[in-house]
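Reviewing the structure listed below.
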Amino acid sequence: MLASIVGINWGDEGKGRMVDLLSKDYDIVCRYQGGNNAGHTVINERGKFILNLLPSGILREGVVCVMGPGMVIDIRHLAGEIARLREAGISVSPENLKISDRAVITMPYHVQQDCLEEARLADKKFGSTRRGIAFVYADKYQKKAFRMGELLHPERLKKRLPDIVEWKNLTIVNAYGAEPVKVEDMEAYFEEYGAPLKDYICDVGLYLNEANAAGKKILLEAQLGALRDLDYGIYPYTSSSNNIAAYGPIGAGVPNLKLDKTIGIMKAYSSCVGEGPFTAEYFGEKAEKLRNAGGEYGAATGRPRRVGPFDAVASKYGIRCQGADEIALTKLDILSGHEELEICTGYELEGKVLKEFPFTDVLDDCKPVFEKVKGWNCDISACRRAEDLPREALDYIRLLEKLCDCKIRYVSVGAERDAYIEQ
Numbered sequence: 033m034l035a036s037i038v039g040i041n042w043g044d045e046g047k048g049r050m051v052d053l054l055s056k057d058y059d060i061v062c063r064y065q066g067g068n069n070a071g072h073t074v075i076n077e078r079g080k081f082i083l084n085l086l087p088s089g090i091l092r093e094g095v096v097c098v099m100g101p102g103m104v105i106d107i108r109h110l111a112g113e114i115a116r117l118r119e120a121g122i123s124v125s126p127e128n129l130k131i132s133d134r135a136v137i138t139m140p141y142h143v144q145q146d147c148l149e150e151a152r153l154a155d156k157k158f159g160s161t162r163r164g165i166a167f168v169y170a171d172k173y174q175k176k177a178f179r180m181g182e183l184l185h186p187e188r189l190k191k192r193l194p195d196i197v198e199w200k201n202l203t204i205v206n207a208y209g210a211e212p213v214k215v216e217d218m219e220a221y222f223e224e225y226g227a228p229l230k231d232y233i234c235d236v237g238l239y240l241n242e243a244n245a246a247g248k249k250i251l252l253e254a255q256l257g258a259l260r261d262l263d264y265g266i267y268p269y270t271s272s273s274n275n276i277a278a279y280g281p282i283g284a285g286v287p288n289l290k291l292d293k294t295i296g297i298m299k300a301y302s303s304c305v306g307e308g309p310f311t312a313e314y315f316g317e318k319a320e321k322l323r324n325a326g327g328e329y330g331a332a333t334g335r336p337r338r339v340g341p342f343d344a345v346a347s348k349y350g351i352r353c354q355g356a357d358e359i360a361l362t363k364l365d366i367l368s369g370h371e372e373l374e375i376c377t378g379y380e381l382e383g384k385v386l387k388e389f390p391f392t393d394v395l396d397d398c399k400p401v402f403e404k405v406k407g408w409n410c411d412i413s414a415c416r417r418a419e420d421l422p423r424e425a426l427d428y429i430r431l432l433e434k435l436c437d438c439k440i441r442y443v444s445v446g447a448e449r450d451a452y453i454e455q
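Mapping of the sequence shown onto our numbering: position 27 corresponds to residue 59, and the numbering continues sequentially without gaps.
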């Protein structure tokens, strides 16, 4: 059994919360792309956790977590994340964490390049998280990156390092005028943060194939959402990897396996961190009210998220890109207390109303078409069955299903692990 949990929109949909919940039904959880440029927030009986690199299943006892070859791993950040979990009493060991030998290492100079480039762009910046993600993926495709498996062969790694540093300094020094990267500093980085991870590094593709043959249930976890996918998102305001479900088996290390189910995660309203077109965006007091109610601040960056009403045009497109079989709707409780709610049901462009998501370049010229529906002026956080919800909330859910043409199976009504409805 191979299933996938993916984001439908711009990211920040609440995937970590749903992975933590659904991991009870799986033996293995695997992250298959991205790095520490996004955060998954999970609240359970042990506290509140923000995970940037580790799969959210790490919080569930008995679940084995895998970091796939499609990931880029900042080993210094990973060391800190593991340390924080251990301080909270969470077990992290080679028994419950496997790291792909083919995953690429994010180097300090990638982070440096990211910061230098954002500074150079000034008011034209892309809104990068400054975690070096674009630059490490660029090096991967230029075949000038280091992989986790090389940590198991330190002499070969040491031999490669001077040539890579010399090449990197052509940009760091000559293009940006910054201080050169030093070979000895990079050697120290590998030794301090890479050496302790050696026992975790393995051929995760072999491990997952053997687990699948043994009947184990595997859940693939993506970061961000369809609209941040490198190929299908709002390019160039995207991530630097493919977070769509179809890439999941490839990024996990099992390109020979096929997905049995894809669960798409989307919010009951819209939120977005970073730059780029966001057609249904709210501004001013209306935005601030929704942002504060939902605690909409980036888990990785702390940046205020841009917010707006539910966007049916973007969501329908995201569901198609992800091939979602069913939906988990998060943060429905945040919309409580409104007599009236808005939904973006179309984009107006040059006098025509679009019902399908257009090419990125015309999005800045699109205006949202809002429709109003009845809200519910009561707290729904204690509801655990669909019939416990007020009629207006049920009508809202059914309308989203109709607009997006996909079944909503799970409805989150709070941040806690058990605060959800399955229908």
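Ideal placement from N, C-alpha and C gives every residue a C-beta, glycine not left out. If you're wondering where the values come from, they're calculated on a predicted model, not measured in any experiment.
Measuring from the CB of residue i, is there a heavy atom of the ligand COA at a distance below 6 Å?
i: Asp235; result: Judged by which ligands are present, the structure shown has none, so any question about the ligand COA falls away.
Less than 7 Å separating the beta-carbons of residue i and residue j?
i: Ala284; j: Gly100; result: yes
i: Val339; j: Arg323; result: yes
i: Glu313; j: Tyr269; result: no
i: Gly226; j: Leu193; result: no
i: Thr138; j: Asp106; result: yes
i: Ser132; j: Val38; result: no
i: Ile351; j: Gly265; result: no
i: Asp397; j: Leu381; result: yes
i: Val124; j: Val104; result: no
i: Ala70; j: Leu256; result: yes
i: Ala258; j: Cys353; result: yes
i: Ala418; j: Ile453; result: yes
i: Arg337; j: Leu53; result: no
Suppose you measure from the CA of residue i to the CA of residue j; what does that come to, to the nearest Å?
i: Leu202; j: Lys56; result: 49 Å
i: Glu403; j: Arg430; result: 15 Å
i: Ala111; j: Ile366; result: 34 Å
i: Pro281; j: Tyr349; result: 22 Å
i: Gln174; j: Met180; result: 17 Å
i: His109; j: Trp408; result: 42 Å
i: Ala325; j: Ser302; result: 13 Å
i: Tyr76; j: Pro186; result: Residue identity check: residue 76 is Asn in the sequence provided, not Tyr. Asn76 and Pro186: Cα-Cα distance of roughly 40 Å.
i: Thr362; j: Val205; result: 46 Å
i: Phe315; j: Met33; result: 44 Å
i: Arg451; j: Lys299; result: Before going further, note that residue 451 is Ala rather than Arg in the sequence given. Each residue's alpha carbon lies about 15 Å from the other.
i: Asp44; j: Gly121; result: 26 Å
i: Gly209; j: Ala278; result: 41 Å
i: Pro456; j: Ala151; result: The chain is shown from 33 up to 455; residue 456 falls before or after that span and cannot be answered.
i: Glu20; j: Glu371; result: With the chain represented from 33 up to 455, any question about residue 20 goes unanswered, as that position is not in the structure.
i: Val394; j: Glu211; result: 41 Å
i: Pro309; j: Tyr239; result: 41 Å
i: Gly247; j: Asn241; result: 10 Å
i: Leu251; j: Thr294; result: 10 Å
i: Glu388; j: Leu373; result: 22 Å
i: Gly383; j: Gly102; result: 43 Å
i: Tyr542; j: Lys80; result: Shown here, the chain extends from 33 to 455; a query on residue 542 therefore has no answer.
At what residues does the alpha helix (DSSP H) containing residue i begin and finish?
i: Thr203; result: Pro186 to Ile204
i: Ser347; result: Ala344 to Gln354
i: Met218; result: Val215 to Tyr221
i: Gln145; result: Pro140 to Leu153
i: Ile131; result: Where Ile131 is concerned, there is no enclosing alpha helix (DSSP H), although the beta strand (DSSP E) it sits in stretches over Leu129 to Ser132.
i: Lys172; result: Ile165 to Tyr173
i: Leu395; result: Neither: Leu395 is in no alpha helix (DSSP H) and is coded neither H nor E.
i: Lys434; result: Arg423 to Cys436
Once you ignore the five residues that flank residue i on each side, which residues in its own chain have a CB closer than 6 Å to its CB?
i: Asp231; result: Pro126
i: Leu189; result: Glu182
i: Leu435; result: Ala344
i: Gly446; result: Asp365 and Ser413
i: Lys399; result: Glu380
i: Lys439; result: Glu358
Could you spell out the range, first to last residue, of the beta strand (DSSP E) harbouring residue i?
i: Glu374; result: Glu372 to Leu381
i: Phe402; result: Lys399 to Lys406
i: Ala360; result: Glu358 to Thr362
i: Arg338; result: Arg338 to Gly340
i: Ile122; result: Run containing Ile122: none; DSSP gives neither H nor E here.
i: Tyr452; result: Tyr452 to Glu454
i: Arg441; result: Ile440 to Ser444
i: Leu183; result: No beta strand (DSSP E) contains Leu183, which DSSP labels as neither H nor E.
i: Leu229; result: Element bounds for Leu229: n/a, residue is neither H nor E.
i: Lys176; result: First-last for Lys176: undefined, no H or E at that position.
Ordered along the chain, which non-local residues of its own chain (more than five positions away) have a Cβ less than 7 Å from that of residue i?
i: Asp263; result: Asn274
i: Phe167; result: His142, Gln145 and Asp146
i: Cys410; result: Ser368 and Pro422
i: Ser272; result: Ile165, Ala166, Tyr169 and Leu262
i: Ile233; result: Ile131, Asp133, Met180, Gly181, Leu183 and Leu184
i: Glu424; result: Lys406, Gly407 and Trp408
Can you find the residues in the same chain that come closer than 8 Å, C-beta to C-beta, to residue i, ignoring five residues on each side of it along the sequence?
i: Pro87; result: Val51, Val61, Cys62, Arg63, Cys97, Val98, Met99 and Glu253
i: Val95; result: Ser55, Tyr58, Asp59, Ile60, Val61, Gly89 and Asn128
i: Asp195; result: none
Contiguous alpha helix (DSSP H) assignments of at least 4 residues, all confined to the segment 40-113: 47-54
Segments assigned alpha helix (DSSP H), at least 4 residues, entirely inside the segment 238-325: 280-284
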